[in-house]
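Student: My structure is below; once you've seen it, I'll send some questions.
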Amino acid sequence: MDGKALEFVILTDTHFLPRGGTMYGMDPRARLDAAIEVINRDHPDLEFVVILGDLADNGERAAYENLADSVSKLAAPLVLMMGNHDRRGAFRESFPKADDDGTGFIQALRVLPQASILTLDTLDEDGNTHVGILCPKRLEFLERSLHEAPKDRPLLLLQHHHSGKVGLRSMDHYNVRNAEEQWAVFQRAGRKPDYMFHGHIHRPIFGLWHGIPYHIQRGVNHQVGFDLDTDDKIPGSLEGPDYALVRVSTDTIAVHHRQFLYEGPSYWLHDADAVSGRFPA
Ligand SMILES: [Fe+2]
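Using the working numbering, the letters of the sequence shown correspond one by one to residues 737 to 1017.
Here is the structure:
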């Protein structure tokens, strides 16, 4: 393996609106602009930044135009993925160079020296539902990618929807509907990803699905509240957003969360003033 660690940043669920639009009192554009400013300043050496889908809230052209203008300020290469709120045609008008697997799905396998990055398109645009779907073409792409990705480095799988149920009932209605077919592909290929990353739930949740570690990232705009039991409506909250910095080195995959809107004090833990509650300006 190359001696240098792989570093990339994950953002998700930007839910863009046409310019000036707000949702739950927040402008998704202002949120992403703030994240980009921090990422450009603090992470000059990224392989890429990925947004794990729900790029736009209603999938309309003007929202993607607004997004294209915002991300034009990002210094690192950008990977964009589909979520249940997205529409591929309108998206491609603003992002004609986005990934295309050759059958129209916005997904790709990137083989890098430290890891392979597989991005899967789980949007059910034909069914017009909010669940995740892996149709036969996408399952085939997944299986081919599992064989193509070199065995000597980790394989990270990124997809908008979570595959296994996480125990948050209102959102567990909207996981990958045919997740067991996905698991069957892993079994047939004799290989499963080393890590899975999702958006969609707008809450930080970590666990294992069939022994595969997964990471679910907060949304850039709004969050889902901590209410595991309500079944028929989705709880909302205004908890702060974050991004994840993922580092892959020879023997380690580490995922760091950063609250990019945090404006409170920064101090040294053993500083006597700080210990007694007096923080530097
Ligand atoms: Fe979302």
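Cβ atoms here follow ideal geometry from the backbone N, Cα and C, with glycine treated the same way. Quantities reported herein were computed from a predicted structural model and do not represent experimental measurements.
1. Please report the straight-line C-alpha distance between G947 and A1017, rounded to a whole angstrom.
2. Which residue or residues does DSSP assign as beta-bridge partners of Y950?
3. Output the distance between the C-alpha atoms of V847 and G1013, rounded to the nearest integer angstrom.
4. In angstroms with no decimal places, state the Cα-to-Cα distance between A804 and A1008.
5. So, helix, strand or coil for R905, using DSSP?
6. Would you tell me roughly how many angstroms separate the C-alpha atoms of I937 and H898, rounded to the nearest one?
7. DSSP on F744, reduced to helix/strand/coil?
8. Considering only heavy atoms of ligand 1 and the C-beta of each residue, which residues fall inside 5 Å, strictly closer?
9. Kindly indicate the opening and closing residues of the beta strand (DSSP E) around A1017.
10. Alpha carbons only, please: which of A851, M818, P832 is nearest the one belonging to S985?
11. Does the beta-carbon of V921 have 16 or more other beta-carbons within 10 angstroms, so that it is buried, or is it exposed?
12. Taking a contact to mean a Cβ-Cβ separation below 9 Å, would you say D955 touches P977 in this structure?
13. The alpha helix (DSSP H) spanning L768 covers which residue range?
14. What is the DSSP secondary structure of Y998, reduced to helix, strand or coil?
15. From M817 to V1011, what distance separates their C-alpha atoms?
16. Beta-carbon separation of L904 and Y760 under 9 Å?
17. Suppose contacts are defined by Cβ-Cβ distances below 9 Å. Is F996 in contact with Y979 by that definition?
18. Which two residues bound the contiguous alpha helix (DSSP H) that contains F831?
19. According to DSSP, simplified to helix, strand and coil, what is H993?
20. Rounded to whole angstroms, how far is the Cβ of Y910 from the Cβ of V867, which I believe are closer than 8 Å?
Tutor: According to the structure shown:
1. Against the sequence shown, residue 947 aligns to sequence position 211. Against the sequence shown, residue 1017 aligns to sequence position 281. Near 46 Å, if we compare the C-alpha coordinates of A1017 and G947.
2. The residue labelled residue 950 in the question sits at position 214 within the sequence shown. Answer by DSSP bridge pairing, in chain order: M932, G943.
3. On the sequence shown, residue 847 is found 111 positions in, with the first residue counted as 1. On the sequence shown, residue 1013 is found 277 positions in, with the first residue counted as 1. Going from the Cα of V847 to the Cα of G1013 covers about 48 Å.
4. For the purposes of this step, residue 804 is taken as the residue at position 68 of the sequence shown. For the purposes of this step, residue 1008 is taken as the residue at position 272 of the sequence shown. Taking the straight line joining both Cα atoms gives about 47 Å.
5. Translated into the one-based positions of the sequence shown, residue 905 becomes position 169. Under the three-state reduction of DSSP output, R905 falls in the helix class.
6. Within the sequence shown, numbered from 1, the residue matching residue 937 stands at position 201. Within the sequence shown, numbered from 1, the residue matching residue 898 stands at position 162. Going by the C-alpha atoms only, they are around 8 Å apart.
7. Stepping through the sequence shown from its first residue, residue 744 is reached at position 8. Reduced to three states, the DSSP call for F744 is strand.
8. Counting every residue whose Cβ lies closer than 5 Å to a heavy atom of ligand 1, we get D749, D790.
9. Locating residue 1017 in the sequence shown gives position 281, where the first residue counts as 1. A1017 -> no beta strand (DSSP E), and no H or E assigned at all.
10. To locate residue 985, count along the sequence shown from 1; it is residue 249. Closest by alpha carbon: A851.
11. Along the sequence shown, read from residue 1 onward, the residue named residue 921 stands at position 185. Buried, because 16 or more other Cβ atoms sit within 10 Å of the Cβ of V921.
12. By 1-based counting over the sequence shown, the position of residue 955 is 219. By 1-based counting over the sequence shown, the position of residue 977 is 241. First, the amino acid is wrong: residue 955 is Gly here, not Asp. Yes, the Cβ-Cβ distance between G955 and P977 is below 9 Å.
13. Position 32 of the sequence shown, counting from 1, holds the residue named residue 768. L768 -> alpha helix (DSSP H) spans 764 to 778.
14. Residue numbering aside, residue 998 sits at position 262 when the sequence shown is read from its first letter. Y998: coil per DSSP, three-state reduction.
15. The sequence position of residue 817 within the sequence shown is 81, counting from 1. The sequence position of residue 1011 within the sequence shown is 275, counting from 1. Going from the Cα of M817 to the Cα of V1011 covers about 44 Å.
16. Counting from 1 along the sequence shown, the entry for residue 904 is found at position 168. Counting from 1 along the sequence shown, the entry for residue 760 is found at position 24. No; because the gap between Cβ atoms is not below 9 Å, this pair is not in contact.
17. Here the question's residue 996 lines up with position 260 in the sequence shown. Here the question's residue 979 lines up with position 243 in the sequence shown. In this structure, Y979 lies closer than 9 Å to F996 by Cβ.
18. Residue 831 sits at position 95 when you count from the first residue of the sequence shown. Here F831 belongs to no alpha helix (DSSP H), and DSSP marks it neither H nor E.
19. Within the sequence shown, the letter at position 257 stands for residue 993. Three-state result, H993: strand.
20. Residue numbering aside, residue 910 sits at position 174 when the sequence shown is read from its first letter. Residue numbering aside, residue 867 sits at position 131 when the sequence shown is read from its first letter. About 5 Å; that satisfies the 8 Å criterion.
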